[in-house]
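According to my numbering, the residues represented by the sequence shown are 2 to 302, in order.
All residues carry an ideal CB built from backbone N, CA and C; glycine is no exception.
Remember, predicted model here, so these are calculated numbers, not experimental data.
Before any comments, here is the structure.
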Amino acid sequence: MADAVNDPYAMRDPRTQYPQPEFSRQPQPQPGLAAEMSPRPDHGETSYRGNGRLKGRKALVTGGDSGIGRAAAIAFAREGASVVINYLPSEQKDADEVVALLTGEGHKVVAVPGDLADEAFCKELVQRSVKELGGLDILANIAGRQQFSESIDDLDSASFEATFRTNVFALFWLTKAAVPHMPPGAAIVNTASIQAYQPSDILLDYAPTKAAIVAFTKALAKQLAEKGIRVNAVAPGPVWTPLQPSGGQPQEKVVEFGKNVPLGRPGQPVECAPLYVLLASQEASFITGETYGVTGGNMLP
Ligand code: NAD
Ligand code: MG
């Protein structure tokens, strides 16, 4: 799969550029591994080309082992940034692939596993990133927890809280720790979702966390403008990542994942990467407080 498209600039039909449903059932324990997915997601391993757009930047990417976070980490590194990736310890196998790929290309990438639902770890992660990279210019908050439950009767407080801690509280903790280190020109890029605007019935905890991220992004952008720090969010629609088969969706929805968007397929992580790069880069110097969709036509309002 990762070899299927190696010229990102060749004109082609976007509907058939990447795999379309149906997919196989492929349950995995949470958090899932990209290494176990079929077809393998395309994170830009063989296709993303850098052009020096983030030369010398120092970036922390959460969720950088797999999915959209891996695609952002690859793109940031190839655009010239040094990168710290964070992920859960059980995802070491995916993280090792990212580190091997990027260090093999001569980029600086540091792997720091740990649980973002823990406030103390969030602080440590930022301190460690500043130390490893010699500062912090980009905070890409891409980690997220999504576990579906059919009914409010099945959704317990522990699960509801875990989703809010991972998706919302960690954003607050990481940002609070990071801002004192960020110079004017620095950027924060958060990860919302189409779920902020079109919530699914089975994502009663996850969807509101994504709405909170949109509002957090707007409020923070207003607050940090006076420091010259921009804050934006990317809001993906269906993207082919381990989040979905590892309990993010029921398997019958994994099979037809992406079928209902106008382009008729799920996005691949690499298709989100250019937005993270743009929003992190100086090219986006007049863009702050915005949320951009990558939805295959299932538009944001
Ligand atoms: P993914 O599973 O590849 O990435 C999510 C990552 O979150 C995991 O790799 C894991 O490292 C990290 N994570 C989860 N809980 C954590 C915790 N407690 N501590 C530290 N790290 C933790 O899936 P993805 O789809 O690439 O997800 C990335 C982001 O994109 C998430 O915020 C998700 O909500 C968002 N998103 C995904 C889709 C989609 O269809 N895949 C759609 C909209 C938004
Ligand atoms: Mg992962």
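_If we require 3 or more residues per run, which beta strand (DSSP E) segments fall completely within the region 42–74?_
59–63
*Are at least three pairs of beta-carbons, each pair with one atom in the region 151–162 and one in the region 127–143, less than 8 Å apart?*
A contact between stretches requires three or more CB pairs, one per stretch, nearer than 8 Å, and the region 151–162 fails this requirement with the region 127–143.
*Boundaries (first-last residue) of the beta strand (DSSP E) holding Tyr-207*: Within the sequence shown, residue 207 is the residue found at index 206, counting from 1. Counting along the chain, Tyr-207 falls outside any beta strand (DSSP E), though it belongs to the alpha helix (DSSP H) covering 207–225.
_Counting C-beta neighbours from all protein chains within 10 Å, is the total for Asp-4 16 or more, i.e. buried, or is it exposed?_
Taking the first residue of the sequence shown as position 1, residue 4 is located at position 3. With a pLDDT of only 44 at Asp-4, under the threshold of 50, the placement of this residue in the model should not be trusted, and no figure is reported.
*asked:* For Leu-264, which residues in the same chain have their Cβ closer than 7 Å to its Cβ, ignoring the five residues on either side in sequence?
replied: Working through the sequence shown from its first residue, we reach residue 264 at position 263. Closer than 7 Å at the Cβ level, and outside the excluded window around Leu-264, lie Pro-15, Arg-16, Gly-297 and Gly-298.
*With a threshold of 16 other CB atoms inside 10 Å of the CB of Lys-59, please say whether the residue is buried or exposed.*
Residue 59 sits at position 58 when you count from the first residue of the sequence shown. Buried, since its Cβ has 16 or more Cβ neighbours within 10 Å.
_To the nearest angstrom, how far is the alpha carbon of Glu-46 from that of Leu-102?_
The residue you call residue 46 lines up with position 45 of the sequence shown. The residue you call residue 102 lines up with position 101 of the sequence shown. Near 8 Å, if we compare the C-alpha coordinates of Leu-102 and Glu-46.
*In the DSSP assignment, what residue or residues form a beta bridge with Ser-83?*
Stepping through the sequence shown from its first residue, residue 83 is reached at position 82. Lys-59.
*To the nearest angstrom, how far is it from the Cα of Ala-208 to the Cα of Arg-79?*
Position 207 of the sequence shown holds residue 208. Position 78 of the sequence shown holds residue 79. Cα to Cα, Ala-208 sits roughly 32 Å from Arg-79.
*Could you give the DSSP three-state label for Leu-301: helix, strand or coil?*
As a position in the sequence shown, residue 301 is number 300, starting the count at 1. Leu-301 carries a coil assignment under DSSP once its states are collapsed to helix, strand and coil.
*Proximity test, Asp-97 beta-carbon vs ligand 2 heavy atom, cut-off 7 Å*: Here the question's residue 97 lines up with position 96 in the sequence shown. No, the Cβ of Asp-97 stays beyond 7 Å of every heavy atom of ligand 2.
*Say yes only if the C-beta of Glu-92 is nearer than 7 Å to one or more non-hydrogen atoms of ligand 1, and no if none qualify.*
One-based indexing of the sequence shown puts residue 92 at position 91. It does: the Cβ of Glu-92 is within 7 Å (strictly closer) of some heavy atom of ligand 1.
*Compute the beta-carbon to beta-carbon distance between Val-295 and Ala-72, rounded to the nearest angstrom, for a pair I have assumed lies under 8 Å.*
Taking the first residue of the sequence shown as position 1, residue 295 is located at position 294. Taking the first residue of the sequence shown as position 1, residue 72 is located at position 71. Actually they do not touch by this definition, with Cβ atoms about 11 Å apart.
*Work out the CA separation of Glu-23 and Ala-36 for me, nearest whole Å.*
By one-based count along the sequence shown, residue 36 stands at place 35. By one-based count along the sequence shown, residue 23 stands at place 22. So the alpha carbons of these two residues sit roughly 19 Å apart.
*asked:* Using a 10 Å radius around the Cβ and a threshold of 16 neighbouring Cβ atoms, would you call Arg-50 buried or exposed?
replied: The count along the sequence shown starts at 1 and reaches residue 50 at position 49. Classification for Arg-50: exposed.
_Once DSSP output is grouped into helix, strand and coil, what is the label at Val-169?_
Position 168 of the sequence shown holds residue 169. Here Val-169 sits in helix by DSSP.
*asked:* Which same chain residues end up closer than 7 Å to Pro-90 when comparing Cβ atoms and leaving out the 5 residues on each side of it in sequence?
replied: On the sequence shown, position 89 is the one that residue 90 refers to. Pro-114.
*Report the three-state DSSP secondary structure of Gly-135 (helix, strand or coil).*
Position 134 of the sequence shown, counted from the start, is the residue given in the question as residue 135. Reduced to three states, the DSSP call for Gly-135 is coil.
*asked:* Between the region 286–294 and the region 201–220, can you find at least three pairs of beta-carbon atoms closer than 8 Å?
replied: yes
*Inter-residue Cα distance where the pair is Ala-220 and Val-99*: By one-based count along the sequence shown, residue 220 stands at place 219. By one-based count along the sequence shown, residue 99 stands at place 98. Their Cα atoms are separated by approximately 33 Å.
*Tell me which same chain residues have a C-beta within less than 6 Å of the C-beta of Gly-248, skipping the five on either side of it?*
As a position in the sequence shown, residue 248 is number 247, starting the count at 1. Excluding five sequence positions before and after Gly-248, the CB atoms of its chain that fall closer than 6 Å to its own CB belong to Gln-31 and Gln-148, given in chain order.
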